[in-house]
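Protein sequence lines correspond, in order, to chains A and B.
Okay, so the first sequence: first residue is 1 according to my numbering, each after it adds one.
Okay, so the second sequence: first residue is 432 according to my numbering, each after it adds one.
Beta carbons: idealized from backbone N, C-alpha and C, even for Gly.
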Amino acid sequence: MPGAGSALRCHAAGLAFALAATSLAAHAQGEKLRHIGQAKPGKTARAATSPAALRDGLAETRLVEVYRLTGEGRTREALAKAESLARDYPNFQLAQLALGDLLAARVRPLRQMGDVPAPVAGDAAAPRPAADVLGELRAESRQRTDALRARPPAGAVPAQFLEIAPRSRHAIAVDASRSRLYLFENTGKGLELVADYYASVGKLGIEKAVEGDQRTPLGIYYITSRLDAAKLSDFYGAGALPINYPSPLDLSRGKTGSGIWLHGTPPDQFSRAPLATDGCLALANPDLDRILRTVEPRTTPVVIARQLQWVQPQSLQPERQKFESVLDAWRAAKSRGDMQRLLAFYAPGFESYGKMPLADWSRGLEAEARALRGRELQLKDKSYLRWTDTADTMVVTFGEVAAGARTGPVKRQYWMRQGNQWQIFFEGVIG
Amino acid sequence: MKPVLRTLPRLLRWIALSAALGAPLAHADDYADITQLLRAGKPADALAKADQRLSANPRDPQLRFLRGVAQADSGKQAEAVTTFTRLTEDYPELPEPYNNLAVLYASQNQLDKARTALEMAIRTNPSYSTAHENLGDIYAKLASQAYNKALQLDGSNANSVRPKLALIRDLFSADGKAASASGARPAATAARPAAAPAPVPAPAAAPAPKVAAPTPAPTPAPAPTPAPALAPAPAPAPAPTPAASPAPAPAPAPAPSTANAPAAPAATAEKDVVRAVNAWASAWESQDMAGYLGAYDSSYAPGKQSRAAWEKERRDRIVGRAKINVSVNDLRVTVNGNKAQARFRQGYSSGSYNVNSRKTLDLVNHGGRWVIVRESTGG
């Protein structure tokens, strides 16, 4: 990973680049995601990646080095490095842009980053107006350099990660305002940031609400599976990791749509514009490949936020303990088979899978309580992920093990705070 | 002055030179003939002639160079590439073959090779401005290719336009500047064998021509890098290695002594010349083409080009460039009647180019106005 961001400078100093990402905001409507049925049998997408492309994050590190040298006026070195970068990643458009600038600078002064001469920029034969592409590239460059400049404080974690069970060996957080995905390893000492990557979101930004709105959802999700590149269209590059949009919270809010994935990039594009997808998160293939090889389906949480709030883990301690006691009260009520007390934890609008209403769910609860026959329940591998928008919610995952038993079901609950009271509005067995 | 008029003094000059230095005419004749054929648009004949002469002098660099030009002109690109490549191998200190290799590569859209060759040309002679200008065109072309890739344009229109670079027509083009910028090309070429042995900093006027010449002081072409190997061995030379040892006794360099030439005319004339040179530089700098071209005598026609072609090329080179800076340093002017010579160090920069070279302008006084009749760089 590139180190101190303070050393970074955009290579056309003093210029204000057009910023696309601040407008990541608000409207909807769009088109359906069609991931299925695009597979080409027998294709091996990973074979297409060159050896140099295999190391995640490297292309960006090298690009930033080119920027740095350029900013320091060491244009010859910058040019040499831009050339080798463009050679190793010919489809990295920002590398080509930097190379073009550095070559052009040998002949004429540069007025701005991506100083493409008008005849090229105004190429009428282009499939898309070149000026649009140029604007996107400048935005991507800015997103990348800004994200590297504003590094998360050492040891900090996104505030959503109240508690991550050891069972979740990795976690992912996405800061849409920075077009950045952060990959954490859950070590014995807590979450450690191990890598972070530029990532593209929906064409129309974030806050997905309805199918086809070309927006990326915000919230707490989990990776549901791993899709091999060989079974997918080239468009998805190194492969894909679907997430569980719409989540129970999304469903409770009537959100629609499906098929939100983390995926790679097509062969002709190393990375895509900051706002480019139909709602998915798209990453450069080497980066996605690293994630693909690292994280585990089902236990890896993915937080997608408009803007991440970074906090020191110990500062989460009070909130964690507060919720811990709520959950423990639920556990105690269930252990005792105290149905009245137990049902008080469930919201009136509760639903489980298959839109099972609370009335039906409660019969199941009673059955479970009877089966316990007074044995104490233990909750293991607890994870609490807090999501606060117009509502304050908690996504809770744990293994429910009766005393004396060796295993039990893994359950996930969605809680919502009403005033001072936390209530469960969804519960289900996930494994 | 009309072309016809210009031929005579030129002829006189090189005869005088040859006579004075005792160089055989045969070679000079060959070069001139081949150059003439090339200029007449008969590259096949030029090639035949070069081949024929080369059978007698297989290593002669000038013949080989002209052969390469003839091959290029007759569309035998691959053969021309071979010819120039061999020249770069045998005479790595010569920038011209590298330049021409680059031109050929560029015409085949092998821009990286072209660039490498031009960088070699510049390495061998840092003030070789044709190579600089050609390299600038390559950079611009590579930049537009990179931009096309950045914007994912297929570039079918942009990429198909290949950069048109300046092919050097003459070895020892006397001229770090564009080949086009130097007048009296054939004379320079012809005079070359005799002048070659002159040691390094010798754009100094040879004394001999002064006798014969009603023309501007004929400056024998200064080789960009006057390596001894360049001197085509005169026929009777007892040289053990054909080309490597210059047979003619090293003529004592007439040193940069032109300064003490009789400065008969009043100091005002010198001032006028200084003013004319500065006006020329500032017109160039401010990309004022009328002023720039107007600084040259109407007789001024460089090399094999027509005046119009030269003007167009200069226009292409000057107009629309990034800001150009031209500086004139260590200017020394000698005036002799209505003729003058201005020698100085020229600083040229545009964009990230920054080239310093030695320049000599020969001027004549036409109706009270000093105008350039010859321009040469190098030394």
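Sorted by chain position, which residues of the same chain lie with C-beta nearer than 7 Å to D504 of chain B's C-beta, five sequence neighbours on each side aside?
Excluding five sequence positions before and after D504 of chain B, the CB atoms of its chain that fall closer than 7 Å to its own CB belong to L469 and P474, given in chain order.
Which residues in the same chain as L342 of chain A place their Cβ atom closer than 6 Å to its Cβ, once the five residues preceding and following it in sequence are excluded?
Excluding sequence positions up to five before and after L342 of chain A, its CB lies within less than 6 Å of the CB of A333 and K334, all in the same chain and listed in chain order.
Determine, using beta carbons only, whether P313 of chain A and V157 of chain A come nearer to each other than 8 Å.
Cβ distance < 8 Å, so P313 of chain A and V157 of chain A count as in contact.
Tell me, to the nearest whole angstrom, how far the beta carbon of L241 of chain A is from that of R226 of chain A; I am working on the premise that it is less than 8 Å.
So it is a contact: roughly 6 Å between Cβ atoms.
For the beta strand (DSSP E) containing P242 of chain A, name the first residue and the last one.
DSSP places P242 of chain A in the uninterrupted beta strand (DSSP E) bounded by G239 to P242.
When the Cα atoms are used, what is the spatial distance from D175 of chain A to P526 of chain B?
Taking the straight line joining both Cα atoms gives about 55 Å.
Which one of A:L162, A:Q421 and A:I243 has the shortest CA to CA distance from V295 of chain A?
Considering only A:L162, A:Q421 and A:I243, the residue with the shortest C-alpha distance to V295 of chain A is A:I243.
Measuring straight from C-alpha to C-alpha, what distance separates G722 of chain B and N756 of chain B?
Between the C-alpha atoms of G722 of chain B and N756 of chain B there is a straight-line separation of about 16 Å.
Please tell me whether Q312 of chain A has its Cβ less than 8 Å away from any Cβ of chain B.
No - not a single Cβ of chain B is within 8 Å of the one on Q312 of chain A.
Quick one: which residues of the segment 574-587 of chain B get their C-beta closer than 7 Å to a C-beta of chain A? List them in chain order.
So the list reads A574, S575, A577, Y578, N579, K580, A581, L582, Q583 and L584, given in the order they occur along the chain.
Compile a chain-ordered list of the residues in the segment 530-542 of chain B whose CB is closer than 8 Å to at least one CB of chain A.
Listed by position along the chain: nothing, the set is empty.
Looking at chain A, is there any beta carbon in it that lies within less than 8 Å of the beta carbon of G499 of chain B?
Taking 8 Å as the threshold, the shortest C-beta distance from G499 of chain B to chain A does not fall below it.
Helix, strand or coil for M113 of chain A? Go by DSSP, reduced to three states.
DSSP places M113 of chain A outside both helix and strand once states are collapsed to three, so it counts as coil.
Ignore the nearest five residues each way along the sequence and tell me which others in W422 of chain A's own chain have a CB closer than 6 Å to its CB.
Here the set comprises V326 and W415.
Residue(s) in a DSSP beta bridge with T393 of chain A:
DSSP output for T393 of chain A lists A:W387 and A:M416 as bridge partner(s).
Where does L525 of chain B sit, in a helix, a strand or coil, going by DSSP?
Residue state, collapsed to three classes: coil.
If you measure from the beta carbon of P274 of chain A to each beta carbon in chain B, is any gap under 8 Å?
Interface annotation, P274 of chain A: not in contact with chain B, CB-CB separation never under 8 Å.
Any chance the segment 557-576 of chain B sits against the segment 93-104 of chain A, with 3 or more Cβ pairs inside 8 Å?
Yes, since at least three Cβ pairs between the segment 557-576 of chain B and the segment 93-104 of chain A fall closer than 8 Å, the two stretches touch.
For the beta strand (DSSP E) containing V210 of chain A, name the first residue and the last one.
Careful: V210 of chain A lies outside any beta strand (DSSP E) and carries neither H nor E.
Would you kindly check if the distance between the Cβ of A548 of chain B and the Cβ of Y559 of chain B is under 8 Å?
If you check the CB distance, Y559 of chain B and A548 of chain B do not come in under 8 Å.
To the nearest angstrom, how far is it from the Cα of R616 of chain B to the Cα of R144 of chain A?
Here the model assigns R616 of chain B a pLDDT of 32, short of 50, so the residue's position is not dependable, and the following value carries that caveat. Whole-angstrom Cα-Cα distance: 56 Å.
Judging by CA-CA distance, which residue of A:R336, A:A391 and A:V396 is the nearest neighbour of A367 of chain A?
Measuring C-alpha to C-alpha distances from A367 of chain A to each of A:R336, A:A391 and A:V396 identifies A:R336 as the nearest.
First and last residue of the alpha helix (DSSP H) that includes S362 of chain A?
First-last of the alpha helix (DSSP H) with S362 of chain A: L358 to L372.
Which listed residue (A:A369, A:Q317, A:Y384 and A:T393) has its alpha carbon closest to that of A347 of chain A:
Relative to the Cα of A347 of chain A, the nearest Cα in the group A:A369, A:Q317, A:Y384 and A:T393 belongs to A:T393.
Should V410 of chain A be flagged as near chain C, meaning a C-beta pair shorter than 8 Å?
Of the chains in the structure shown, none is chain C; the protein chains are A and B.
C-beta atoms of R111 of chain A and D381 of chain A nearer than 8 Å
Result no, Cβ atoms of R111 of chain A and D381 of chain A do not sit closer than 8 Å.
Three or more C-beta pairs closer than 8 Å, one from the segment 182-193 of chain A and one from the segment 258-277 of chain A: is that the case here?
Flag = no, the segment 182-193 of chain A and the segment 258-277 of chain A do not touch.
Does DSSP put L584 of chain B in a helix, in a strand, or in coil?
Assigned with DSSP and collapsed to three states, L584 of chain B falls in coil, not helix or strand.
The alpha helix (DSSP H) that contains E296 of chain A, what's its start and end?
Taken as a continuous stretch (DSSP letters only), E296 of chain A belongs to no alpha helix (DSSP H), as it is neither H nor E.
Quick one: is Q93 of chain A buried, meaning 16 or more other Cβ sit within 10 Å of its Cβ, or exposed?
Burial state of Q93 of chain A is buried, judged by a 10 Å Cβ sphere holding 16 or more other Cβ atoms.
Which residue comes first and which comes last in the alpha helix (DSSP H) that contains Y723 of chain B?
Y723 of chain B -> alpha helix (DSSP H) spans M720 to G725.
Which of helix, strand or coil does DSSP assign to F345 of chain A?
F345 of chain A: coil per DSSP, three-state reduction.
Along the chain, where does the alpha helix (DSSP H) that runs through I388 of chain B open and close?
The shown model of chain B, from 432 to 810, leaves out residue 388 of chain B, and the question about it has no answer.
Quick one: is R375 of chain A buried, meaning 16 or more other Cβ sit within 10 Å of its Cβ, or exposed?
Answer is exposed; the Cβ neighbour count stays below 16.
Suppose you measure from the CA of R805 of chain B to the CA of R774 of chain B; what does that come to, to the nearest Å?
So the alpha carbons of these two residues sit roughly 12 Å apart.
V201 of chain A (DSSP reduced to helix, strand or coil):
Strand.
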